[in-house]
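Visitor: Dropping a structure here in structure tokens format, bear with me for questions.
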Amino acid sequence: MNNKVLKYTAFPNLMAPDEEKATLEYGLQWAKAIEYEWWYRPDAKGSLSPYYDKRQRYNKLRLYGRGEQSTEGYAKLLGIDKSDFNYTNYDLRPIQVIPKFVKLLSNQMSERLFEVTAEATDKFSTDLKSKQKETLERLKISKNLLVEARDLLGVDLLPEDGEDGIPNTQEEIDLHMKLKYKPNVEIATEEAIKYTLDYNDYEETQSKVIEDIVVIGIGAVKTSTDPNKGIVVEYVDPAEMVYSYPVHKDHRDVYYYGQMKRMTVTEAKRISNGQITNEDLKKSSQQTSNWATYNGYSNERYYREEDFEGTMVDVLTFTFKALNTETYKKKPNKNGGFKLTKKSSSFQKPDGDEGDYEVIKKDIEVWYKGSIILGTDLIFNYGLCENMVRPKANLNKTYPMYTMYAPDLYQGREKSLVSTIIPYVDQMQQIHIKIQQLIAKARPNGVWIDVDGLTEISMGDGGQLDVMELIKLYNETGNVLGSSRSTDGDYNVGRDPIRELKNGVVDGLDRLIGAYNHYMNLVRDAIGVPVGVDASTPHPDQA
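Heads up, the sequence shown is in the numbering used here, so the first residue is 140 and it goes up one at a time.
Here it is in structure tokens:
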């Protein structure tokens, strides 16, 4: 399959009128430009598109983070044939060093040390606080009088808590206002935030994002609103994301995002809200098949090419930033006021027009969104985003639905802690296999028995000890009888008929263990975890 599947498409005119931006043709041009930028393959026979190159890189880091990386490279480097273990039986499974540090760092960053607290600053709430404080101050001043009225006259004007509920000093009043008193609006806000966090399984989402930052160097979430669920915060796999070139760590300079999901054609039809028909899907079946072939789908990626023939499709949900212009015609009326009439964004006061009106324009940052079936021209759910989040201090700006963060970003590429320590862990894996080789060559201490030497031993009285008796003597007592002279009086070369063989472990094991510990220290230095924090070496006071 050649590159005719993807044709070059330029990004549309960013300064186009608002009416043009709202058309499907404008949204389709944005979608096709994003598609070309991320899925174009310079060499359709071998190279990967930027999207799948990024996805493959993240997959490699995640395998390392789980301790499931391939060991083929280690075996080849050490000359080990994994298909032939007739004389060796090495354990080539990855050492579980990286997963330990991933869990350690993720758990440390996942701790929630603070509670949600809301403080109202509007005039109505501040007036309520002021009135409550004044009430407490009056009760403090009249406390003795109220107690006497209760005791002498039987008239109880004390609050429900009695005299214990009345502060005695100004400091107690201030503490009461900070710790106990809350207007209803603050309580409702705190409960709403807690409900939103609990409903969206905030702790689980936070844990996934933090683990992504540790393992692949970037984390992402998607924020949206739902008529039934309210505010929805979803975890997003960064491997599914596409976006413009980022410079800042929080990606605030990114002007478009996209999320690719693989789904069935029936699911795509469902989320299109009737904008895609069965006839549209039938016409595009050949295009989706060509798309699968173009991207080189295979069983190695856990899905088959034949699954895409009318069954599975790739859907890209995209969003891009634009600048809409609100235009109004301001015309004074006879009462001294004026009337504002909304006009199209391209409306201008013609030159030479002396009409008693003026044109007011205001630029507002907005985001558009839509979805497209990749490899086709089927676009749906396109339009202006609803319920856009805007900062309180600047209502002209708005935030995208996707939030991404990469703590170590340089020239558009992120760097993770796992990628930093991979070279050291690879060396540790090789040392681990080498240690197995040395241990496999270790032998127990043996015994050298010179049978000819044993036959020459004489007891001095004309008798001799046979071989079996001498071996029995050595096994039971550890003593060895030998003679430096033979029966002929010559020098006996076999005077030491039994010698212990010093086998044991082959020399070099201690040096390999030292090298292993050296790389372990490099791992700790690279990620900033000192000895003892990971519990591998106990504190001297606790040992």
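For each residue, glycine too, the CB sits at the ideal point set by N, CA and C.
#1: Hey, would you say glycine 551 sits closer than 7 Å to proline 385, going by beta carbons?
#2: Kindly give me the distance between the Cβ atoms of alanine 149 and isoleucine 357, rounded to whole angstroms, as I take these residues to be in contact under 8 Å.
#3: Please state whether DSSP places arginine 529 in a helix, a strand or coil.
#4: Look at tyrosine 229 and glutamine 569 and say whether their C-beta atoms are less than 7 Å apart.
#5: Can you tell me whether glutamate 350 is buried or exposed? The criterion is at least 16 other CB atoms within 10 Å of its CB, across all chains shown.
#6: Leucine 523 bridges to which residues according to DSSP?
#7: Look at the Cβ atom of isoleucine 511, then the Cβ atom of leucine 420, and state whether they are nearer than 7 Å.
#8: Can you tell me which of Ile355, Asp392, Gly293 and Asp365 puts its alpha carbon nearest to the alpha carbon of valine 557?
#9: In three-state DSSP terms, what is isoleucine 415?
#10: Given glutamate 379, which residues of its chain have a CB within under 7 Å of its CB, disregarding the five upstream and five downstream residues?
#11: Since glycine 558 is in the alpha helix (DSSP H), which residue starts that stretch and which ends it?
#12: Is it right to say asparagine 339 is buried, meaning 16 or more other beta carbons lie within 10 angstroms of its own, or is it exposed?
#13: Residues in the same chain with beta-carbon distance under 6 Å from proline 156, minus the five sequence neighbours each way, listed in chain order, please.
#14: Apart from the five residues on each side of it in sequence, which residues of its chain come closer than 6 Å, Cβ to Cβ, to leucine 145?
#15: The ligand PLP heavy atoms versus the CB of asparagine 367: any closer than 6 Å?
#16: Return the first residue and the last residue of the beta strand (DSSP E) that glycine 369 is part of.
#17: So what does DSSP say about valine 498, is it helix, strand or coil?
#18: Buried or exposed: alanine 581, going by 16 or more other Cβ atoms within 10 Å of its Cβ?
#19: What separation, rounded to the nearest whole angstrom, lies between the Cα atoms of arginine 529 and tryptophan 506?
#20: If contacts are defined as beta-carbon pairs under 8 Å, then leucine 163 and tyrosine 521 qualify, I think. What distance do you get, rounded to the angstrom?
#21: In chain order, what residues of the same chain have a beta carbon less than 7 Å from the beta carbon of leucine 216, not counting five sequence neighbours either side?
#22: Measuring alpha carbon to alpha carbon, tell me which of Val294, Lys319 and Asn533 ends up nearest lysine 268.
#23: Can you tell me whether DSSP reads aspartate 664 as helix, strand or coil?
#24: Does the contact criterion of 3 or more C-beta pairs under 8 Å hold for the region 195–212 versus the region 231–242?
#25: State the Cα-Cα distance for the pair proline 322 and leucine 278, rounded to the nearest angstrom.
#26: Measure the alpha-carbon distance for lysine 282 versus methionine 316 and round it to whole angstroms.
#27: What residue does the alpha helix (DSSP H) around valine 381 start on, and which one ends it?
#28: What separation, rounded to the nearest whole angstrom, lies between the Cα atoms of asparagine 584 and arginine 196?
#29: Would you mind giving the Cβ-Cβ distance between lysine 468 and lysine 482, rounded to the nearest angstrom? I have them listed as a contact below 8 Å.
#30: Helix, strand or coil: how does DSSP classify threonine 362 here?
#31: Residues in the same chain with beta-carbon distance under 8 Å from arginine 440, minus the five sequence neighbours each way, listed in chain order, please.
#32: Assign tryptophan 587 to one of two classes, buried (16 or more other C-beta atoms within 10 Å of its C-beta) or exposed (fewer than that).
#33: When DSSP labels each residue in this structure, what does valine 100 get in the three-state scheme?
#34: Closer than 8 Å by C-beta to isoleucine 115: which residues in its own chain qualify, once you throw out the five before and the five after it? Chain order, please.
#35: Figure out for me which residue from Tyr496, Val324, Tyr541 and Asn474 has the closest Cα to the Cα of aspartate 261.
#36: Can you give me the start and stop residues for the alpha helix (DSSP H) that methionine 607 sits inside?
Guide: In short:
#1: yes
#2: With 8 Å as the limit, alanine 149 and isoleucine 357 do not qualify as a contact, their Cβ atoms being about 28 Å apart.
#3: coil
#4: no
#5: buried
#6: Tyr507
#7: no
#8: Ile355
#9: coil
#10: Gln398, Met399 and Lys400
#11: Looking at the sequence itself, residue 558 is serine, so the reference to glycine does not match. Note, serine 558: alpha helix (DSSP H), 556–580.
#12: buried
#13: Ser484 and Ser485
#14: Tyr175 and Tyr179
#15: Here there are no bound small molecules, and the ligand PLP is not part of this structure.
#16: 369–375
#17: strand
#18: exposed
#19: 11 Å
#20: 6 Å
#21: Gln569
#22: Lys319
#23: helix
#24: yes
#25: 20 Å
#26: 18 Å
#27: Premise fails: valine 381 lies in the beta strand (DSSP E), 380–382, not in any alpha helix (DSSP H).
#28: 50 Å
#29: 5 Å
#30: strand
#31: In this prediction, arginine 440 scores a pLDDT of 46, lower than 50, which makes its location untrustworthy; the coordinate-derived value is nonetheless stated afterwards. If we look at arginine 440 and ignore the five residues flanking it on each side, it has no Cβ neighbours.
#32: exposed
#33: The structure shown does not extend to residue 100, since the chain is modelled only from 140 to 682, so the question has no answer here.
#34: No information on residue 115 is available, as it lies outside the stretch 140 to 682 that the chain covers here.
#35: Val324
#36: 606–616
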